[in-house]
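In the working numbering, the protein residues as written are -4 to 70.
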């Protein structure tokens, strides 16, 4: 699954973990994809029961600011 919309200055391990926790349990982070996409796209593996329940977008609060995060499921 790919996540986009996370600002570069807010892209930390803690933020990735909290956003992934919205959907399920974080299993793996593809750090090479983060560096390859110049921090634009974060690719993660999340353990969850029903993939169809992943929203396409979600409003997330990071450090008292709101950001629209987009999710794209890799099949």
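Ideal Cβ placement from N, Cα and C applies to all residues, glycine included.
- When only Cα atoms are considered, residue 16 and residue 32 end up about 22 Å apart.
- No Cβ-Cβ contact shorter than 8 Å links residue 1 with residue 39.
- Straight through space, the alpha carbons of residue 44 and residue 3 are spaced by roughly 30 Å.
- The residues 3, 6, in chain order, have a CB closer than 7 Å to that of residue 34 in the same chain once the five nearest residues on each side in sequence are set aside.
- About 6 Å separates the CB atoms of residue 41 and residue 22; that is less than 8 Å, so the two are in contact.
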